[in-house]
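Take the sequence shown: its letters are residues 2 to 953, numbered as in the numbering used here.
Scroll down for the structure; my scribbles are underneath it.
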Amino acid sequence: MSANSLPEGAAVWHSLEVDKALDLLDSNADSGLTPQEIQQRLQKYGPNELEETAGRSAWAILLDQFKNIMLLMLIGVALISGFIDLMALRGGTLKPGEVPFKDTIAILAIVILNGILGYVQESRAEKALAALKKMTSPLVRVIRDARLLEIAAKELVPGDVMLLEAGMQIAADGRLIEQSNLQIRESALTGEAHAVNKQATLKLPEETDLGDRINSVFQGTEVVQGRGKVLVTNTGMTTELGKIATMLQSVESEPTPLQQRMTQLGNVLVTGSLILVAIVVVGGVIKDQGFKNIQELLEISLSMAVAVVPEGLPAVITVTLALGTQRMVRQNALIRKLPAVETLGSVTTICSDKTGTLTQNKMVVQSVYTNDKTFRVTGEGYAPIGDFQLDGQKISLEASPEISALSVACAVCNDSVLQKEQGEWAILGDPTEGALVTLAGKAGIEKDQWNSKLPRVAEFPFSSERKRMSVISQVEGVATGEASSRGVDPAIADFLQSEPYLMFTKGSPELTLARCTQIHLGNDTATVTEAQRQKILAENDLMASKGLRVLGFAYKPLTEIPPEGSDEASEQGLVWLGLVGMLDAPRPEVRAAVQECRAAGIRPVMITGDHQLTARAIATDLGIAQEGDRVLTGQELQRMTDQELEQNVDLVSIYARVSPEHKLRIVQALQRRGRFVAMTGDGVNDAPALKQADIGIAMGITGTDVSKEASDMVLLDDNFATIVTATKEGRVVYTNIRRFIKYILGSNIGEVLTIAAAPLIGLGGVPLTPLQILWMNLVTDGLPALALAVEPPEPDVMQRPPFSPRESIFARGLGSYMIRIGIIFAIITIALMWWAYQHTHAPEYQGNRDTWKTMVFTTLCIAQMGHAIAIRSNNRLTIEMNPFSNIFVLAAVVVTTILQLMLVYVPPLRDFFGTHYLTLEELGVCIGFSALMFVWIEAEKIFLRIMGKKAV
Numbered sequence: 002m003s004a005n006s007l008p009e010g011a012a013v014w015h016s017l018e019v020d021k022a023l024d025l026l027d028s029n030a031d032s033g034l035t036p037q038e039i040q041q042r043l044q045k046y047g048p049n050e051l052e053e054t055a056g057r058s059a060w061a062i063l064l065d066q067f068k069n070i071m072l073l074m075l076i077g078v079a080l081i082s083g084f085i086d087l088m089a090l091r092g093g094t095l096k097p098g099e100v101p102f103k104d105t106i107a108i109l110a111i112v113i114l115n116g117i118l119g120y121v122q123e124s125r126a127e128k129a130l131a132a133l134k135k136m137t138s139p140l141v142r143v144i145r146d147a148r149l150l151e152i153a154a155k156e157l158v159p160g161d162v163m164l165l166e167a168g169m170q171i172a173a174d175g176r177l178i179e180q181s182n183l184q185i186r187e188s189a190l191t192g193e194a195h196a197v198n199k200q201a202t203l204k205l206p207e208e209t210d211l212g213d214r215i216n217s218v219f220q221g222t223e224v225v226q227g228r229g230k231v232l233v234t235n236t237g238m239t240t241e242l243g244k245i246a247t248m249l250q251s252v253e254s255e256p257t258p259l260q261q262r263m264t265q266l267g268n269v270l271v272t273g274s275l276i277l278v279a280i281v282v283v284g285g286v287i288k289d290q291g292f293k294n295i296q297e298l299l300e301i302s303l304s305m306a307v308a309v310v311p312e313g314l315p316a317v318i319t320v321t322l323a324l325g326t327q328r329m330v331r332q333n334a335l336i337r338k339l340p341a342v343e344t345l346g347s348v349t350t351i352c353s354d355k356t357g358t359l360t361q362n363k364m365v366v367q368s369v370y371t372n373d374k375t376f377r378v379t380g381e382g383y384a385p386i387g388d389f390q391l392d393g394q395k396i397s398l399e400a401s402p403e404i405s406a407l408s409v410a411c412a413v414c415n416d417s418v419l420q421k422e423q424g425e426w427a428i429l430g431d432p433t434e435g436a437l438v439t440l441a442g443k444a445g446i447e448k449d450q451w452n453s454k455l456p457r458v459a460e461f462p463f464s465s466e467r468k469r470m471s472v473i474s475q476v477e478g479v480a481t482g483e484a485s486s487r488g489v490d491p492a493i494a495d496f497l498q499s500e501p502y503l504m505f506t507k508g509s510p511e512l513t514l515a516r517c518t519q520i521h522l523g524n525d526t527a528t529v530t531e532a533q534r535q536k537i538l539a540e541n542d543l544m545a546s547k548g549l550r551v552l553g554f555a556y557k558p559l560t561e562i563p564p565e566g567s568d569e570a571s572e573q574g575l576v577w578l579g580l581v582g583m584l585d586a587p588r589p590e591v592r593a594a595v596q597e598c599r600a601a602g603i604r605p606v607m608i609t610g611d612h613q614l615t616a617r618a619i620a621t622d623l624g625i626a627q628e629g630d631r632v633l634t635g636q637e638l639q640r641m642t643d644q645e646l647e648q649n650v651d652l653v654s655i656y657a658r659v660s661p662e663h664k665l666r667i668v669q670a671l672q673r674r675g676r677f678v679a680m681t682g683d684g685v686n687d688a689p690a691l692k693q694a695d696i697g698i699a700m701g702i703t704g705t706d707v708s709k710e711a712s713d714m715v716l717l718d719d720n721f722a723t724i725v726t727a728t729k730e731g732r733v734v735y736t737n738i739r740r741f742i743k744y745i746l747g748s749n750i751g752e753v754l755t756i757a758a759a760p761l762i763g764l765g766g767v768p769l770t771p772l773q774i775l776w777m778n779l780v781t782d783g784l785p786a787l788a789l790a791v792e793p794p795e796p797d798v799m800q801r802p803p804f805s806p807r808e809s810i811f812a813r814g815l816g817s818y819m820i821r822i823g824i825i826f827a828i829i830t831i832a833l834m835w836w837a838y839q840h841t842h843a844p845e846y847q848g849n850r851d852t853w854k855t856m857v858f859t860t861l862c863i864a865q866m867g868h869a870i871a872i873r874s875n876n877r878l879t880i881e882m883n884p885f886s887n888i889f890v891l892a893a894v895v896v897t898t899i900l901q902l903m904l905v906y907v908p909p910l911r912d913f914f915g916t917h918y919l920t921l922e923e924l925g926v927c928i929g930f931s932a933l934m935f936v937w938i939e940a941e942k943i944f945l946r947i948m949g950k951k952a953v
């Protein structure tokens, strides 16, 4: 078969016999490929590497920041302002002491600052693919042309014969040819922590899930023990890891709700501003019957354009989100992308992995069946502290010696070590065996002591074919010739007569029980009956149906150490001890977190690679699903069309045995249904779904670098409850963003209307220069807005459904509030402006005729201080609130007022900002008019309270 006729990326290698697979790839298990075949296949398939598609360059990201409609308008304003100043400079019409181009420089500085802020947020390079590439092995051992060679992994081709041994990282996907006790850790790919026992001789159905393909190996996974020979079937982008890379690069990032709302806000503000500018210019031309005052009209238009753009808003939002990230990191949630802080507040569905997030990632024994009794075991994690309960009542171990006997088997037939590190109990070794050591500890059986009482002298190691392991121990005191009653612990005294050795066996309950001829009952042994066998198997099925992982235990006294390889003969005539059922137990705090989710209108969904019985048991226990709820498996999902999945996705809360593309499809189906999805994950397989989700949440402890780089947020404690806490913080941040947008834009509308009114009511000149407006938008609005951003949360923030992520920024009355307050702002300021103009143009007035402009400037700034104090609460009056509950607002008001007065009374600042000295009488009038703003907002609250309505 030539290279050109090889099968294209067949996904069914696991369903073929080894010989058939070798035949299809025209390879030989003993000699491998020839140099000519290798060269042909390298040309056909290319190197065994993950390929990266070109992304946006840093320059493209930077230029994109200046496509924002508000920044484009400011750039236009700066250019026109600079042109006017240039004409004035050439014509010699600049006022004495006036600095040319200061407005242009100030506006362009703001534009550049906002562009840089946006660039810093967006330019964090996606390093998920780089992390993925690190998972590929650099060197690999192969058989080529009947010789054993070590080559670079990128030179592998389909048809190569690859050799595996413990500690190696697998460099390509392949079909096992042969194996010896081969265990591979596939958690990065499948999400499941247990090492998988591989079997080369099996032929599996085509639809077998990725995690169940025990006759195949996959790129990026790790050999834990044993050795194997593999036929390489897929390389590069056709491997399972390559498919993940393809999915990762095909996922396009959608703008967050906040980004969409800010775009909408910019469009509305700029459109409204241009309409007002057109009205003012056309009205002015008609009034003057020509273009004789066109420069003045242009200056008014420029001031209006600057006034309408909230220049400080991007900075305030960025700081608000940054403060949110600091608060979240104290709650163990690390935010990688700033907009994700607010986005969390919009989440409607949380899709969570099971292992380690909803559960403790610690196997804990829940149930023990021995001597015809089922005992419940209490306790958390690996701490050897807990009780044995029968029918809900705690029992003493003296009254149930069969528990101690079974616990000895758990401790001795075990390779794990239980130890205490920095006050925490931890396991060295397999989590399943760790659970058994912990169980023994709860029964008072300490593994270290029993290793001395029953030192291991031989063993039959676990293998996937036998599905069990046995340990042969020497009975101290018997083997030394002492009397059988001396030196033998009472827990095992009934196991022996005069035999010097004991063999303990554990493994698959069905297979272990089949090798038993007797059963241990209390202090006696008896021949096991068929009825007892059926009862034990029924109990095994009952435990398995609850999602427990069940092991069977037995023992056998021996007169001599059995020879190596005699496991088949030695593991006969065993004495049955009992069943042990264990579970990766749920985190105790998750139940409350799930309840809080539901109260907040958020639906939790479990998506796991584990078996459906285990998934159902955990989900039901935590309240994610109810008894009888449907579990959708990976195989069922595979057969569904996208439309069928979309119809079912709101009805299913448990997905089991799913693969990477399934997770991605689930997220996409939910999004098409209008759901706003947070997705958790820790493995490489989760990366595409994490990137697709509205909020991708990676695990900080167990998570791979790939999943972290693809995520928006990292859980430092891998805890589902932390997601709920972060969601609450996201809601608080969004509420505060709405609060200061109301504050900023209400005043901006007032500024625009005031500037537009000046020429229309016959006042000469522009009341506010672009530089003064920039001062108001950045300092007078900016500092109190930052203070409002740290308002504490409302008590009911997690007692209501999430607001729609697609709602307008002006929704729920915010738009009407801004317009209403802006009009009131304008009426107050226009009234002051009319009075001030008449006052400063009276014949007896001694000051500068343009002082009325400074009075307008000062009134607008100080009125905003009253607005900031009043807007802290939508419903409560200011006198009803603790003024020190947000000390930052008081500080911002005091500091901003002092800075504003410095612009009026400090000569250098007065000259630069073009203001004029105000007398105490004039300042008092400004403060009086400004106070009306505060009075109006408080009066609105009283009116709404009387009418029984809730303010926005």
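The beta-carbon is built from N, C-alpha and C at its ideal position, and this holds for glycine as well.
The model shown is predicted, which means the values in this text are computed figures rather than measured ones.
Pull up the CB-CB distance for residue i and residue j, whole angstroms please, since I reckon it's below 8 Å.
i, j, result
"Ile336", "Met714", "5 Å"
"Leu891", "Gly313", "Incorrect: roughly 20 Å between the Cβ atoms, too far for contact."
"Ile108", "Leu775", "7 Å"
"Arg176", "Trp426", "Not confirmed; about 41 Å, so no contact."
"Arg457", "Val472", "6 Å"
"Val143", "Gly47", "Not quite, the Cβ-Cβ distance comes to about 18 Å (not below 8 Å), so this is no contact."
"Pro771", "Ser82", "6 Å"
"Ser16", "Pro206", "6 Å"
"Arg516", "Gln423", "No, Arg516 and Gln423 are not in contact; Cβ-Cβ is about 43 Å, not under 8 Å."
Check for me: the beta strand (DSSP E) holding residue i runs from which residue to which?
i, result
"Asp174", "174 to 186"
"Lys557", "550 to 559"
"Gly682", "678 to 682"
"His521", "517 to 522"
"Gly704", "Note, Gly704: premise wrong, no beta strand (DSSP E); not H, not E."
"Leu919", "Neither: Leu919 is in no beta strand (DSSP E) and is coded neither H nor E."
Less than 7 Å between the C-beta atoms of residue i and residue j, yes or no?
i, j, result
"Pro258", "Pro803", "no"
"Thr349", "Ala790", "no"
"Ser708", "Ala699", "yes"
"Thr528", "Gln519", "yes"
"Val581", "Val366", "yes"
Can you list, in chain order, the residues of its chain whose CB lies under 6 Å from that of residue i, leaving out five sequence neighbours each side?
i, result
"Ile947", "none"
"Val905", "Thr916, Leu919"
"Phe930", "Ile829, Leu833, Thr860"
"Val19", "Ile178"
CB-CB under 8 Å to residue i, same chain, minus the five flanking residues each way: which ones, in chain order?
i, result
"Val418", "Ile428, Leu429, Gly430, Val438, Lys448"
"Ala167", "Val224, Val225, Gln226, Gly227, Arg228"
"Cys927", "Leu833, Met856, Thr859, Thr860, Ile863, Leu919"
Secondary structure at residue i, three-state DSSP: helix, strand or coil?
i, result
"Lys443", "helix"
"Asp651", "coil"
"Ala968", "The structure shown does not extend to residue 968, since the chain is modelled only from 2 to 953, so the question has no answer here."
"Asp65", "helix"
"Arg377", "strand"
"Leu746", "helix"
"Val733", "helix"
"Glu403", "helix"
"Thr634", "strand"
"Ala812", "coil"
"Asn362", "strand"
Which same chain residues end up closer than 7 Å to residue i when comparing Cβ atoms and leaving out the 5 residues on each side of it in sequence?
i, result
"Gln693", "Val252, Leu665, Val668, Gln669"
"Ala545", "Val551, Leu614"
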